[in-house]
Amino acid sequence: MNNKDQKGFTLIEILIVISILVMITTIPTLRLSPSYQQKVIDQFFDQLTDDLLLSQQYALSHSDTVKVYFYSSSSSYRAILVESNTEIISRNYDENITINPNTLGSILVIRSNGNVNKAGTMQVIYGQEKYNVVFQLGRGRFYVIKV
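Sequential numbering from 7 applies to the sequence shown in this note's numbering.
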């Protein structure tokens, strides 16, 4: 059999194709890192908002006080009905997220009318980003602002 009749790829051609594939696959992962971080913090605030609204609904519907405890050491928070001592929410969040209680404290008390017991802020830090969660008196309103 003659060597000129063999058809196939040389080692150099294969290496060029593999290097092109590696470059093409690494470009999207470089761009995904900032969007992944943004999705983590967005998901955290969506979940926290939903859980706080659910706690307000429990306080209103059960005519009971709800306490929301924030545990920064274990990256979690819990919501408990006070009279029945029933845990209604237990949630873990990303360990890279830090919650500083600031003026609010580590316990948020939601009264049976759905209002918080005191106004205040807590700071949420994720990477270089800082956010303030502000709780207002009256109607249990709160909002998140980026600092």
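The beta carbon of each residue, even a glycine, is placed where N, CA and C say it ideally should be. Predicted model only: the values in this text are computed from it and were never measured.
- The alpha-carbon of residue 151 is positioned some 11 Å away from that of residue 135.
- According to the DSSP assignment, residue 126 belongs to the beta strand (DSSP E) that extends over 126-132.
- Counting only residues of its own chain and dropping the five nearest sequence neighbours on each side, residue 99 has a CB closer than 6 Å to the CB of 50, 81.
- Around the Cβ of residue 121, a 10 Å sphere holds 16 or more other Cβ atoms; the residue is buried.
- Per DSSP, reduced to three states, the secondary structure at residue 16 is coil, with no helix or strand assignment.
- According to DSSP, residue 60 shares a beta bridge with no other residue.
- For residue 87, the secondary structure class from DSSP, reduced to helix, strand or coil, is strand.
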